[in-house]
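There are 2 protein chains.
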Amino acid sequence: MKGIKIPPEHPRAESLRIRERLIEHFSEGVVATAGLIAHGRGEAFDYLVGERTTKPALNAIKAAASALLTAEKPVVSVNGNTATLVAEEIVKLASVTKARIEVNLFYRSVERELAIKELLEKAGAHEILGVGKNASAKIPELGSERRRVDPQGILLADVVLVPLEDGDRTEALVKMGKKVIAIDLNPLSRTAQKATITIVDNVVRAMPKLVEIAEKLKHDVKKCREILSNFDNEKNLAESISLIKESLSKLAESGDYLTLEDEEL
Amino acid sequence: MKGIKIPPEHPRAESLRIRERLIEHFSEGVVATAGLIAHGRGEAFDYLVGERTTKPALNAIKAAASALLTAEKPVVSVNGNTATLVAEEIVKLASVTKARIEVNLFYRSVERELAIKELLEKAGAHEILGVGKNASAKIPELGSERRRVDPQGILLADVVLVPLEDGDRTEALVKMGKKVIAIDLNPLSRTAQKATITIVDNVVRAMPKLVEIAEKLKHDVKKCREILSNFDNEKNLAESISLIKESLSKLAESGDYLTLEDEEL
């Protein structure tokens with residue numbers, strides 16, 4: 015795969031470029047093996063979502079920006095896939111919302127933590143929590159390495175943005191009383207269902223939008239509180255599911271099909 | 015991931031075991047990087063299908079068994095993912111339907127061809143076409159290495175079973191006048207839409223079922239012809255899409271969610 019030229023006129027060029035980037039960063043030790051499989055699941059749901067930021071996704075992005083801007087101690091949690099796809103947007107968002115950035119992996123390895131740290135620093139980050147011995151605190155109720163967090167970061171945070179997080183950890187963070195913002199293309203996943211605010215969108219589209227909206231809202235606390243009090247995550251998720259059903263109906267009727275394959279197997 | 019113990023009572027144990035097997039065979043050079051991503055897409059659709067062999071899938075399996083049994087020169091095409099997941103069933107199916115087995119990869123490498131050959135031989139195969147210089151024939155209209163097939167196998171075949179194939183190649187084979195049987199969890203994929211007979215099911219469930227049904231039908235050519243003349247692939251695909259929509263509605267209503275994540279990212 016590596017080094018394959020994707021013709022710009024290819025109908026799936028953007029999706030293929032993203033895939034290519036993940037495979038490259040996999041070789042460099044940033045993305046985990048299971049991260050590639052997870053990306054595939056995301057691709058499938060993205061097709062069903064129509065590969066666009068839907069209305070409910072935009073609502074959730076506005077609520078997410080408001081939650082981060084009105085937080086006492088916001089933290090952006092970063093894993094290998096997120097660092098690969100949106101390192102610059104993570105740094106920008108942290109700057110606009112005064113959030114700290116923490117590397118937080120499902121299965122930790124110092125090598126991967128450092129590779130992710132380097133990627134974020136290249137994108138302009140000055141401080142990265144959760145690397146190596148700094149991840150010394152533990153989330154209750156979670157087994158093994160997955161529970162480790164930074165006592166200066168996620169442990170203290172009141173609002174945590176977890177793009178591409180797993181269900182167990184999302185639930186554990188919510189139980190600790192934190193507001194959890196998830197970015198997850200599958201509106202039926204446990205992460206999506208358990209999070210306080212769920213953005214059903216591709217991180218590649220959602221993160222720049224989140225930065226843009228946070229920029230606009232950053233001096234308007236009143237507006238942020240208004241957005242938050244009007245936001246209903248359950249209702250918003252139900253709308254995302256309805257949109258997928260509609261999109262399936264349309265695709266089936268039009269005889270249009272999704273070119274999900276076109277790749278080496 | 016490697017060597018992780020999956021508790022047998024885990025609700026997603028089977029799916030995690032399959033994933034684990036793919037990751038292992040990825041390390042051994044059988045599965046391609048993009049094969050892991052493709053597996054993720056399959057996982058997502060499998061959840062939506064309900065992780066079961068549906069009625070339309072069973073209809074397609076019966077038609078597939080009939081097509082293979084009544085073929086002059088049937089061939090089973092094998093790639094890295096298929097060899098990893100169903101090597102024994104491939105060998106059994108080839109034996110029951112008198113089909114030849116051909117290794118057929120999207121991007122070829124002799125190392126991977128040989129690794130797949132070894133896996134199939136361990137599963138009991140005596141003859142494997144399409145390895146190394148044997149893949150000397152070319153499918154028209156396809157670029158580069160993807161078009162290479164064995165002149166003794168796919169080139170001559172009247173019926174080709176292509177589990178997990180890409181859309182371009184499916185279309186090219188159909189244009190050459192071959193009956194193409196695809197196994198693809200995404201009923202909207204180009205492969206699914208272009209194939210002569212499309213089994214919307216996980217290869218892990220579909221292949222043993224296909225062997226079982228071929229065993230039952232193997233002396234009943236009349237029944238095979240009857241099944242084939244009653245089978246309508248387009249109608250059958252539409253039913254698969256309807257089932258996914260129903261399943262989404264049920265999941266959304268019941269508040270049940272799909273634990274698609276729970277994995278390292």
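Residue numbers (the numbering used here), protein chains in the order written: chain A, 15 to 279; chain B, 15 to 279. All residues carry an ideal CB built from backbone N, CA and C; glycine is no exception.
Per the C-alpha coordinates, the member of B:Ala171, B:Asp246, B:Arg161, B:Leu99 positioned closest to serine 29 (chain B) is B:Leu99.
Take the alpha-carbon of alanine 101 (chain B) and the one of alanine 151 (chain A): they are about 45 Å apart. In summary, the residues of the segment 51-70 of chain A whose CB is separated from some CB of chain B by less than 9 Å are Ile51, Ala52, His53, Gly54, Arg55, Gly56, Glu57, Ala58, Phe59, Tyr61, Leu62, in the order they occur in the chain.
Annotation: Cβ neighbours of arginine 33 (chain B) in chain A (cutoff 8 Å, chain order): Ala48, Ile51.
The straight-line gap separating the alpha-carbon atoms of isoleucine 197 (chain B) and valine 217 (chain B) is approximately 7 Å. For the 8 Å CB-CB criterion, valine 92 (chain B) and isoleucine 104 (chain B) form a contact. Here the alpha carbon of leucine 62 (chain B) sits roughly 27 Å from the alpha carbon of phenylalanine 120 (chain B).
What serine 263 (chain B) touches in chain A, judged by beta-carbon distance under 8 Å, is Lys259, going in chain order. One thing to note: valine 44 (chain B) has its Cβ no nearer than 8 Å to the Cβ of arginine 162 (chain B). C-alpha of histidine 140 (chain B) to C-alpha of serine 123 (chain B): approximately 21 Å in a straight line.
Annotation: alanine 196 (chain A) is outside any alpha helix (DSSP H); the continuous beta strand (DSSP E) that includes it extends over 193-197.
As the crow flies, the alpha-carbon of alanine 46 (chain B) is around 12 Å from that of alanine 129 (chain B).
Within its own chain, the residues whose Cβ lies closer than 6 Å to the Cβ of glycine 56 (chain A), once the five positions on either side in sequence are excluded, are Leu199, listed in chain order. Assignment of lysine 112 (chain A) by DSSP, reduced to helix, strand and coil, places it in the coil class.
Excluding the 5 residues flanking it on each side, methionine 221 (chain B) has same chain C-beta neighbours closer than 6 Å at Val100, Glu103, in chain order.
In chain B, no part has a C-beta under 9 Å from the C-beta of leucine 175 (chain A); the shortest such distance is about 15 Å.
About 6 Å separates the CB atoms of isoleucine 115 (chain B) and isoleucine 142 (chain B); that is less than 8 Å, so the two are in contact. Between the segment 76-90 of chain A and the segment 202-213 of chain A there are three or more C-beta pairs closer than 8 Å, enough to call the two in contact. For leucine 242 (chain A), same chain residues with a beta-carbon under 8 Å away, outside a window of 5 residues either side, are Ala77, Ser80, Ala81, Thr84 in chain order.
The three-state secondary structure of serine 123 (chain B), taken from DSSP, is coil. In the same chain as aspartate 180 (chain A), and ignoring 5 residues on each side of it, the C-beta atoms closer than 7 Å to its own belong to Phe120, Thr205, in chain order. Along the length of the segment 42-107 of chain A, whole beta strand (DSSP E) runs at least 3 residues long occupy 88-92, reported in chain order. Straight-line spacing of the CA atoms in lysine 189 (chain B) and glutamine 207 (chain B) works out to 14 Å.
The beta carbon of isoleucine 115 (chain A) sits no closer than 8 Å to any beta carbon of chain B. Interface with chain A (8 Å Cβ-Cβ cutoff): leucine 134 (chain B) is excluded. One Cα belongs to aspartate 182 (chain A), the other to valine 173 (chain A), and the distance between them is close to 17 Å. Taking a beta-carbon distance threshold of 8 Å, leucine 202 (chain A) counts as an interface residue toward chain B. Identification of chain B residues near isoleucine 142 (chain A) by a Cβ-Cβ cut-off of 7 Å yields none; the smallest Cβ-Cβ distance measures about 17 Å. Put simply, the CB of isoleucine 37 (chain A) is near chain B, with a gap under 8 Å to one of its CB atoms.
Membership of leucine 175 (chain B) in the beta strand (DSSP E) is indicated by the continuous run 173-177. DSSP places isoleucine 213 (chain A) inside the beta strand (DSSP E), whose first and last residues are 211-213. For glycine 146 (chain A), same chain residues with a beta-carbon under 7 Å away, outside a window of 5 residues either side, are Val124, Glu127 in chain order.
By the CB criterion at 8 Å, glycine 144 (chain A) and aspartate 164 (chain A) fall inside the cutoff. With a threshold of 8 Å between beta carbons, phenylalanine 40 (chain A) makes contact with chain B. Take arginine 239 (chain B), set aside five residues on each side of it, and the residues of its chain with a beta-carbon closer than 8 Å to its own are Ser80, Thr84, in chain order.
For valine 117 (chain A), the pairing in a beta bridge is given by DSSP as A:Val92.
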